[in-house]
Amino acid sequence: MAAPTDTRSRIQDIAITGRSKKRTTGIVGLNLLLDGGFPEGTLVMIYGTPVAGLDLAALQFWKAEGGEEGTYFMNDGDVDIDMIDAADLHPEMYLPQMAGGRIVVDSLSAIILKYGIDVALKFLRLAREDMKKRGANLMFIVFTGIHSPMEMTRLMRAADVVIEFRNSVQQAEIERTLAVQKIRDAAAPQRLLPFIITDKGIEASTTSRVV
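What follows is the structure, given as structure tokens:
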């Protein structure tokens, strides 16, 4: 008579190795919302209109933690001190110039318009491999209103963290909020984070509002 089949689960427990390391976002309120910052080794997509504060958020991320090396690729705006003028660079040429833990591409929209969505997605795949190896983070800017819904969907799927910057008019005042729409392998916060734009950049509230 055949031996009885062992019906016990063959699934083994996976040892918990601790929480992933975080890199500060450069915005205090957003750090609190993300429980410390961006997980190291991830791609961060920020998107919204050109006046939503995306460029300020990118600058604050790049310059956060004074002394930590980073690289800012500017391809569709004024090139400030220490930025790389990437207006005429093919995306593949960005990769060997990515130094430090804080990489910014301003903007991925310009790459898509010039080279196409497939080239942009290939760049993100290669960049993500490099970020994971080095424990670095790459933030890329995407502007709304110029890409198709399918292109936006593909970009969001490629990113590890997706943050939307919103602005609306409420009672004759501009109200600005950001929403963390996605964190890969983790639950996204269910709250909006109000913020204001000052002469020093983005100042986010340390309290948030239920979506």
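Here UniProt numbering is used: position 196 in the sequence shown is 196, and no number is missing along the way. The C-beta atom is built at its ideal place from N, Cα and C for all residues, glycine as well.
Roughly how many angstroms lie between the CA atoms of residue i and residue j, to the nearest whole one?
i, j, result
"residue 154", "residue 189", "22 Å"
"residue 102", "residue 55", "15 Å"
"residue 157", "residue 150", "11 Å"
"residue 133", "residue 41", "7 Å"
"residue 180", "residue 57", "14 Å"
"residue 31", "residue 174", "23 Å"
"residue 50", "residue 141", "10 Å"
"residue 89", "residue 108", "12 Å"
"residue 67", "residue 26", "13 Å"
"residue 120", "residue 78", "22 Å"
"residue 21", "residue 197", "29 Å"
"residue 131", "residue 206", "29 Å"
"residue 118", "residue 152", "12 Å"
"residue 195", "residue 36", "18 Å"
"residue 170", "residue 143", "23 Å"
"residue 129", "residue 64", "23 Å"
Is residue i buried or exposed, if buried means 16 or more other CB atoms sit within 10 Å of its CB?
i, result
"residue 96", "exposed"
"residue 147", "buried"
"residue 81", "exposed"
"residue 168", "exposed"
"residue 46", "buried"
"residue 186", "exposed"
"residue 105", "buried"
"residue 116", "exposed"
"residue 145", "exposed"
So residue i and residue j are supposed to be a Cβ contact under 8 Å. How far apart are they, rounded?
i, j, result
"residue 201", "residue 59", "7 Å"
"residue 204", "residue 29", "3 Å"
"residue 182", "residue 159", "7 Å"
"residue 110", "residue 75", "5 Å"
"residue 83", "residue 72", "4 Å"
Among the options, which residue has its Cα nearest to the Cα of residue i?
i, options, result
"residue 69", "57, 98, 172, 53", "98"
"residue 100", "163, 114, 139, 192", "139"
"residue 136", "43, 73, 176", "43"
"residue 176", "41, 184, 165, 185", "165"
"residue 23", "62, 48, 75", "62"
"residue 192", "184, 108, 113, 163", "163"
"residue 39", "78, 64, 86, 161", "161"
"residue 127", "114, 152, 92", "92"
"residue 87", "118, 113, 130", "113"
Threshold first: 3 residues or longer. Then list the beta strand (DSSP E) segments lying entirely within the stretch 39 to 106, N to C. If we require 3 residues or more, the beta strand (DSSP E) runs fully inside the stretch 39 to 106 come out as 43 to 48, 70 to 74, 102 to 106.
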